[in-house]
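Below is one structure; the comments refer to it alone.
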Amino acid sequence: MRPSLLYCLLLYLCSSLLAGLVVSPCPNGCCCPHSGALVLCESLGLHTLPRSVPLSTAVLSVARNRLCNVDNVFQPYSGLQELSLSHNQLVRFPRGLPSSLETLQLQENQITYITAGSLRQLGNLTRLDLEDNRIRAIQPGALLGLTKLRRLTLNGNRLSHLPPNLPSSLTHLDVSANCISALDPSSLGALVNLQVLKINSNCLRSIPEQAFDGLSRLHSVELANNLWVCECDIVYLYRWLLMDRLRMASDLVCTTPLHLAQKLLLTLSVMAICPKLFKPVERMSSVNTSTETGKVIESHIEQTTSTSMLVRSDVACNASSFRCQKSLPESTISRSFFGSDQPTLERLSYENCLSLNLTSFIPPSTQVPNSPATDEEPACVENSTGRQPGSSATTQSMTTTRDIEFTPQTILQSSDPVLIAVLAILCVLTGLLMLTVPLVLKNILLRNLRVAPFPQVQEDVSTHS
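Going letter by letter, the sequence shown gives residues -19 to -1, 1 to 446 in mature numbering (1 follows the signal peptide of the UniProt record, and there is no 0).
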């Protein structure tokens, strides 16, 4: 084999190896079950995004860390579809997010407001989770450009009214556990596709006239734990629920007036709620009607209670169904996670991802669970990329757990920039050596060819003389 051909072959092998390590490594301590398409880096005490997260990542979770500023960090990830930044220390909505995002989870941070320009570039977003933050205000028009948004979760914040200019594409809206005291019919009128509305645990006292009339597709509404005043202003809600909507909200409890306090709204009669609506002659007939209606509603409440118990048992079954999935082939698991409309981050947690990787290579007696960082949280630092020194202890403990596995996949996943640099240097040195040796040998051969004929020439000269 010619030296040049051998050198080209070696160079090709080195470049292929380096390309594989650079393009699809798994950051130290993270879980990457699908060749870098899904990267879960949770509970690692990270202050910044690891440098080695592949740019081709489609689903990324850096939840339960200590991130406080991620502006423009994810902009290079042009193919990112799902991103979880939940349970961090973000004080404002992240800037510079890629326009390819479809699911964004920001629950349990410290965000206080949403500006009009925060979501301008996220036109492909279908799911936005902002629960358990400190949001007091959302500027008008901030959500209007999200024409594909279907699920919006804002429960557990400090909103005093519904966000203005909600997109008409919404099918699920959760604003429970806020400080909303009144509903604006104009905010709900545009939600023609709304199917689920959760506005429980607020400060509502009544519902204005025609507030729900435009919600033709609404099939579930939660209104419990509000400050319902069972007087004439609540008659609209009372009648709206009685029009074949008893399944939606049958547990509304009156807080005032005193003689109706702690009573279920739907067990009362219209005359008891608003006596001035009836003439004196009509009051006697309404008493009998209300008694029969009350019995029907009470029986329906009992049926609803039994149904909820069945639903809870179904939820328990669904929660344990993932254990069965772990025994399926990897191809089946891939189809179940990536071939569904439900976001991948909801169907595969960080712990389950680790168990999928570990159970195939480690005996049960050697499996060690990973524990989140318990160190004191330091102050937020400026935004950058790479691992901070404060998380080295946690990283070492996570790495120790993975050192038990001696498989090619584990070696590739545990590769860090130092290992990549060492391999690159070795490849370069090997290539230089392969290039230098043929040149040295060639020079030696040429020198021998020049020197060898000299004695023969001398002999010929002496013979002729």
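Ideal placement from N, C-alpha and C gives every residue a C-beta, glycine not left out.
For residue j and residue i, the rounded distance between their alpha carbons
| i | j | result |
| --- | --- | --- |
| Q56 | L196 | 37 angstroms |
| S329 | R139 | The question names Ser, yet the displayed sequence has Leu at residue 329. Roughly 30 angstroms between the two C-alpha positions. |
| A230 | R32 | 50 angstroms |
| C160 | N207 | 10 angstroms |
| P256 | N114 | 43 angstroms |
| T355 | R220 | Confidence at T355 is low in this model, with a pLDDT of 43, below 50, so its placement is unreliable and the value that follows should be read with caution. Each residue's Cα considered, the two are about 53 angstroms apart. |
| C22 | E63 | 14 angstroms |
| L125 | Q191 | 23 angstroms |
| N181 | H142 | 13 angstroms |
| E83 | A18 | 15 angstroms |
| L25 | P35 | 18 angstroms |
| K423 | V403 | 31 angstroms |
| N53 | P75 | 8 angstroms |
| N69 | S168 | 31 angstroms |
| L426 | A405 | 32 angstroms |
| L127 | P79 | 14 angstroms |
| N183 | Q102 | 32 angstroms |
| R108 | L326 | 12 angstroms |
| L410 | T417 | 10 angstroms |
| E212 | L175 | 28 angstroms |
| L71 | V20 | 20 angstroms |
| S396 | N9 | Caution applies to S396, whose pLDDT of 44 falls short of 50 and renders its modelled position unreliable; the value that the coordinates give is listed next. Roughly 7 angstroms between the two C-alpha positions. |
| A123 | P6 | 37 angstroms |
Counted within 10 angstroms of its Cβ, other Cβ atoms place residue i as buried (16 or more) or exposed
| i | result |
| --- | --- |
| G77 | exposed |
| V40 | buried |
| Q86 | buried |
| N429 | exposed |
| R47 | buried |
| G137 | buried |
| P121 | exposed |
| N90 | buried |
| T237 | exposed |
| G104 | exposed |
| Q88 | buried |
| R431 | exposed |
| A242 | exposed |
| V51 | buried |
| S67 | buried |
| L413 | exposed |
| S42 | buried |
| L204 | buried |
| H240 | exposed |
| M265 | A caution first: M265 carries a pLDDT of 48, below 50, which makes its placement in the model unreliable, though a value can still be read off. So M265 counts as exposed. |
| H28 | buried |
| L407 | exposed |
Residue of the options minimising C-alpha distance to residue i
| i | options | result |
| --- | --- | --- |
| S37 | N53, S59, R47, L27 | S59 |
| R45 | S65, G126, L85 | S65 |
| L106 | K129, Q120, A118 | K129 |
| H200 | T152, G26, L404, P189 | T152 |
| L133 | R117, R101, D110 | D110 |
| M224 | N333, D214, I254, F193 | F193 |
| I116 | K423, I92, R101 | I92 |
| G98 | R73, T84, E83 | R73 |
| P145 | A158, E212, I95 | I95 |
| A118 | L30, L135, Q102 | L135 |
| C12 | S162, H28, C334, H240 | C334 |
| P14 | E332, E112, C408 | E332 |
Short Cβ contact (8 angstroms threshold) for residue i with residue j
| i | j | result |
| --- | --- | --- |
| S149 | V173 | yes |
| Q156 | K179 | It is worth fixing the name first, because residue 156 is Val in this sequence and not Gln. Yes. |
| V210 | R186 | yes |
| V251 | L258 | yes |
| A171 | L147 | yes |
| L61 | S81 | yes |
| L249 | L233 | no |
| L222 | P189 | no |
The ligand SAH heavy atom lying under 7 angstroms from the CB of residue i
| i | result |
| --- | --- |
| N50 | Ligands displayed in this structure: none; no statement on the ligand SAH is therefore possible. |
Checklist entry - In chain order, which beta strand (DSSP E) runs of at least 3 residues are fully inside the stretch 22 to 108? => result 40 to 42, 63 to 65, 84 to 86
Item to check | Entirely enclosed beta strand (DSSP E) segments - the stretch 151 to 230, minimum 3 residues | outcome: 153 to 155, 177 to 179, 201 to 203
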